[in-house]
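**Q** According to this note's numbering, the stretch in the sequence shown is residues -4 to 247, in order.
All C-beta atoms, glycine included, are put in the ideal place defined by N, C-alpha and C.
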Amino acid sequence: MAKSGSYVIDPDGEGGVKPFKVYCDMTDKEGFGVTVVSHDSENMTLVDGFDSHGSYSRDVTYHNTSFLQLAILTASSSYCEQFIKYGCYHSALLYNGDMRGWWVSRDGENMTYWGGADSVPFKCACGLNNTCANINFGCNCDKNDWNWREDSGLITDKSKLPVTQLRFGDTGVIGGMDEKGNHTLGKLSYRIETFNNCCVSPSRSPCESAPCKNSASCVTEYVLNSYHCDCEPGFFGTHCERGGILEIHLFS
-4 MAKSGSYVID
6 PDGEGGVKPF
16 KVYCDMTDKE
26 GFGVTVVSHD
36 SENMTLVDGF
46 DSHGSYSRDV
56 TYHNTSFLQL
66 AILTASSSYC
76 EQFIKYGCYH
86 SALLYNGDMR
96 GWWVSRDGEN
106 MTYWGGADSV
116 PFKCACGLNN
126 TCANINFGCN
136 CDKNDWNWRE
146 DSGLITDKSK
156 LPVTQLRFGD
166 TGVIGGMDEK
176 GNHTLGKLSY
186 RIETFNNCCV
196 SPSRSPCESA
206 PCKNSASCVT
216 EYVLNSYHCD
226 CEPGFFGTHC
236 ERGGILEIHL
246 FS
């Protein structure tokens, strides 16, 4: 059985996009492997001082991957998901279509539903079963009162993932009271049905196999599986395997 860890993957095979590094969790999702891609917007982040609809903007940058690589990985996976959460203090979210906040799909579309709402417009998870703080609205945050509330859930539509941008508003000042919110965006996860179709090689340093000889230092380079050897005095060659005096002939 394959072990969890960092791997270099090539989801569309030779001749397609360049292989790239991800984390493969082989113990998740009821025995299926899960490819996990991290990004720079995973920590809870405050939204304050942005009153106009969608005036707060946060671009999401995924580590070690391009959007084309992620699109190929999405197409080749059987299941994709990404967790999203908005915490709110008198800061509305979807507001029955008068949207103050939204997330942006990989194609640049402003999405009208929240995580956990199964693509139903202007709904958060609570809106599917009428359990929101105000049942006249589709999200807890849309009650828009002076209590901390939140809306969260999984986005699972493969055709829209990954999330590329977060937009929020309604975090100004009313009567001396400060409206505010915070957002959290989870890692991007893909289900792996067949391990060999995803994780093609462990992401290990090429220096782990100790290719350099005669006490030479192995230095990893910024090219996939590339390195060079820094030879000790008196040794030379690609792997510092040759000793003696290196003769240099000068021709005039």
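1. Would you mind giving the Cβ-Cβ distance between L88 and C121, rounded to the nearest angstrom? I have them listed as a contact below 8 Å.
2. With DSSP run on the structure shown, which of helix, strand or coil describes I130?
3. Closer than 6 Å by C-beta to D43: which residues in its own chain qualify, once you throw out the five before and the five after it? Chain order, please.
4. Have a look at F15 and S71 and give me their C-alpha separation to the nearest angstrom.
5. Leaving out five residues on either side along the sequence, give the residues of the same chain with a beta carbon under 7 Å from the beta carbon of G133.
6. Name the DSSP bridge partner or partners of W97?
7. How would you write the range of the beta strand (DSSP E) that T40 sits in, first residue to last?
8. If you follow the alpha helix (DSSP H) that C121 is part of, which residue opens it and which one closes it?
9. For V115, which residues from the same chain have a beta carbon less than 6 Å from its beta carbon, with the 5 sequence-adjacent residues on both sides left out?
10. Does the Cβ-Cβ distance between S86 and H58 come in under 7 Å?
11. Identify the continuous alpha helix (DSSP H) that holds T69 and give its terminal residues.
12. Which term fits D35, buried or exposed, when burial requires 16 or more other beta carbons within 10 angstroms of its beta carbon?
13. Closest to C170 by C-alpha separation, out of S100, W141, F78, would be which residue?
14. My output table needs one value for Y90: the three-state DSSP class, helix, strand or coil.
15. What does a CB cutoff of less than 8 Å around T56 pick up in its chain, not counting 5 residues either side in sequence?
16. Take L41 and list the residues in its own chain whose beta-carbon comes closer than 6 Å to its own, dropping the five residues that flank it on each side.
17. Looking only at DSSP bridge pairs, what is M172 linked to?
18. How many angstroms separate the CA atom of E145 from the CA atom of N124?
19. So, under 8 Å CB-CB, F78 and G110 are touching, yes? Tell me the CB distance rounded to an integer number of Å.
20. By the DSSP assignment, the beta strand (DSSP E) with T30 in it spans what residues?
21. Please report the distance separating the alpha-carbon of S50 from that of L183.
22. Where do the N-terminal and C-terminal ends of the beta strand (DSSP E) with G148 fall, by residue?
23. Skipping 5 residues on each side, what residues in its chain have a beta carbon closer than 7 Å to that of S52?
24. Output the distance between the C-alpha atoms of H48 and R95, rounded to the nearest integer angstrom.
25. Assuming A205 and D225 are in contact, meaning their beta carbons sit under 8 Å apart, how far apart are those beta carbons, in whole angstroms?
26. What does a CB cutoff of less than 6 Å around K138 pick up in its chain, not counting 5 residues either side in sequence?
**A** From the atom records:
1. About 11 Å separates the two Cβ atoms, so there is no contact after all.
2. Coil, per DSSP.
3. Here the set comprises T166, K175.
4. When the Cα atoms are used, F15 and S71 turn out to be separated by approximately 15 Å.
5. Counting only Cβ-Cβ distances below 7 Å, and skipping sequence neighbours, we find L89, N91, F117, K118, C119, G122, C127.
6. W97 is bridged to R162.
7. In the DSSP assignment, T40 falls within the beta strand (DSSP E) that extends over 40 to 43.
8. Judged by DSSP secondary structure, C121 falls within the alpha helix (DSSP H) whose first and last residues are 120 to 123.
9. Closer than 6 Å at Cβ, skipping near neighbours: Y108.
10. Taking a C-beta distance under 7 Å as the contact criterion, S86 and H58 do not qualify as a contact pair.
11. Element bounds for T69: 62 to 71.
12. By the 10 Å Cβ count, D35 comes out exposed.
13. Note that residue 170 corresponds to Gly in the displayed sequence, not to Cys. Of the candidates S100, W141, F78, the one whose C-alpha sits nearest the C-alpha of G170 is W141.
14. Of the three classes helix, strand and coil, the one that applies to Y90 here is helix, per DSSP.
15. H34, D35, S36, listed in sequence order.
16. Result list for L41: N177, in chain order.
17. Looking at the DSSP assignment, M172 forms a beta bridge with I169.
18. Each residue's CA atom was taken as its position, placing E145 and N124 some 16 Å apart.
19. The distance from the Cβ of F78 to that of G110 is about 6 Å, consistent with a contact at the 8 Å cut-off.
20. Judged by DSSP secondary structure, T30 falls within the beta strand (DSSP E) whose first and last residues are 28 to 32.
21. CA-CA distance, S50 to L183, rounds to 25 Å.
22. Taken as a continuous stretch (DSSP letters only), the beta strand (DSSP E) holding G148 covers 143 to 150.
23. If we look at S52 and ignore the five residues flanking it on each side, its Cβ neighbours are Q160, R162.
24. R95 has its alpha-carbon roughly 4 Å from the corresponding atom of H48.
25. 14 Å between Cβ atoms; not a contact.
26. Excluding positions up to five away in sequence, the list reads A128, N129.
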